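Per the numbering used here, the sequence shown starts with residue 832, numbered consecutively.
In this text, a Cβ means the ideal position worked out from N, Cα and C, and glycines have one as well.
From a predicted model like this one, the values you see are computed outputs, not experimental measurements.
Have a look at the structure below, then the notes.
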Amino acid sequence: MAYPAEIIQIEKDASCLYTAGQLDHAIRSMADAITEQLSDRNPLCLCVLNGGIILAGKLLPHLAFPLNLDSVNATRYGNQTVGNDIQWLYRPATPLHKRTVLILDDVLDEGITLSAIRDFCLQQGAEAVFNAVLVDKKIDRNKPIHADFIGVRADNYYLFGYGMDYKGYLRNAPGLFACQSMSESP
832 MAYPAEIIQI EKDASCLYTA GQLDHAIRSM ADAITEQLSD RNPLCLCVLN
882 GGIILAGKLL PHLAFPLNLD SVNATRYGNQ TVGNDIQWLY RPATPLHKRT
932 VLILDDVLDE GITLSAIRDF CLQQGAEAVF NAVLVDKKID RNKPIHADFI
982 GVRADNYYLF GYGMDYKGYL RNAPGLFACQ SMSESP
């Protein structure tokens, strides 16, 4: 676990890529696109914990149609800055069979975790699976999955804020920030 002094320094040195207002506007635009495509499909929204909490909390009030909400917690990072094998901490309690699923996550970087969650949904009998991410990172390699709904795009920096963390901290930062000490994501 990081020491608070390290966290304070990371936050102080970071560059703001998007303000809270800009991200809220992007989320409202995502909601419009999701409504257009999924409003008649009775979707089950799956919030990817912990990063997707802020996106889900800000997006769902703009989806003015019937839906269900559940969560999933699959992680490669834990409170670290380097990814490892996927650990399934929580699977959805709602049956996925014959459902349209909308996965809500904070960031699509390498796509390994999001791809595993999509595959899990399909294995459980989901009829269709869509992905909504607040941030799609520009990565120079092929990703195993793409996002159907994207809030903003960002270069390949280590990011925090609006759900994304640095060693378990700074998810609550009021905007999207790039760490200056880590020019590429893990």
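Would you say residue i touches the ligand COA, meaning its beta carbon is less than 8 Å from a heavy atom?
| i | result |
| --- | --- |
| Thr-925 | Ligands are entirely absent from the displayed structure, and the ligand COA is therefore not among its contents. |
Let me make sure I understand the geometry here. Which of the options has the alpha-carbon closest to that of residue i?
| i | options | result |
| --- | --- | --- |
| Gln-954 | Ala-978, Leu-927, Ile-934 | Leu-927 |
| Tyr-780 | Ala-864, Asn-881, Asp-950 | Residue 780 lies beyond the residue range present for the chain, which begins at 832 and ends at 1017; the question has no answer from this structure. |
| His-856 | Ala-1004, Ile-981, Cys-878, Pro-975 | Ile-981 |
| Ala-1004 | Val-938, Gly-994, Arg-984, Ile-858 | Gly-994 |
| Leu-898 | Ile-917, Thr-866, Leu-1007 | Thr-866 |
| Ile-839 | Leu-848, Leu-1001, Val-966 | Leu-1001 |
| Asp-950 | Asp-971, Asp-996, Val-903, Val-983 | Val-903 |
With respect to the beta strand (DSSP E) encompassing residue i, which residues constitute its N-terminal and C-terminal limits?
| i | result |
| --- | --- |
| Ile-917 | Neither: Ile-917 is in no beta strand (DSSP E) and is coded neither H nor E. |
| Leu-1001 | Here Leu-1001 belongs to no beta strand (DSSP E), and DSSP marks it neither H nor E. |
I'd like to know if residue i contacts chain B, where contact means its C-beta is closer than 9 Å to some C-beta of that chain.
| i | result |
| --- | --- |
| Asp-940 | Annotation note: the requested chain B is absent from the structure, which comprises a single protein chain. |
Can you say whether residue i is buried or exposed, counting buried as having 16 or more other CB atoms within 10 angstroms of its CB?
| i | result |
| --- | --- |
| Lys-968 | buried |
| Phe-896 | exposed |
| Ala-864 | exposed |
| Ile-976 | buried |
| Pro-1017 | Confidence is the limiting factor: at Pro-1017 the pLDDT is only 39, short of 50, which leaves the residue's position unreliable, though a coordinate-based value still follows. The residue is exposed, with fewer than 16 neighbouring Cβ atoms inside 10 Å. |
| Ala-924 | exposed |
| Gly-852 | exposed |
| Lys-929 | exposed |
In the DSSP output, what is residue i paired with across the bridge?
| i | result |
| --- | --- |
| Cys-878 | Ser-902, Leu-935 |
| Arg-984 | Asp-967 |
| Gly-992 | Met-995 |
| Leu-1007 | Tyr-849 |
| Ala-959 | Thr-931 |
Compute the beta-carbon to beta-carbon distance between residue i and residue j, rounded to the nearest angstrom, for a pair I have assumed lies under 8 Å.
| i | j | result |
| --- | --- | --- |
| Asp-901 | Leu-875 | 6 Å |
| Ala-1009 | Leu-990 | 6 Å |
| Gly-1006 | Thr-850 | 5 Å |
Going by DSSP, what residue range makes up the alpha helix (DSSP H) through residue i?
| i | result |
| --- | --- |
| Leu-848 | Where Leu-848 is concerned, there is no enclosing alpha helix (DSSP H), although the beta strand (DSSP E) it sits in stretches over 846-850. |
| Leu-894 | Note, Leu-894: premise wrong, no alpha helix (DSSP H); not H, not E. |
| Ile-976 | First-last for Ile-976: undefined, no H or E at that position. |
| Ser-946 | 943-954 |
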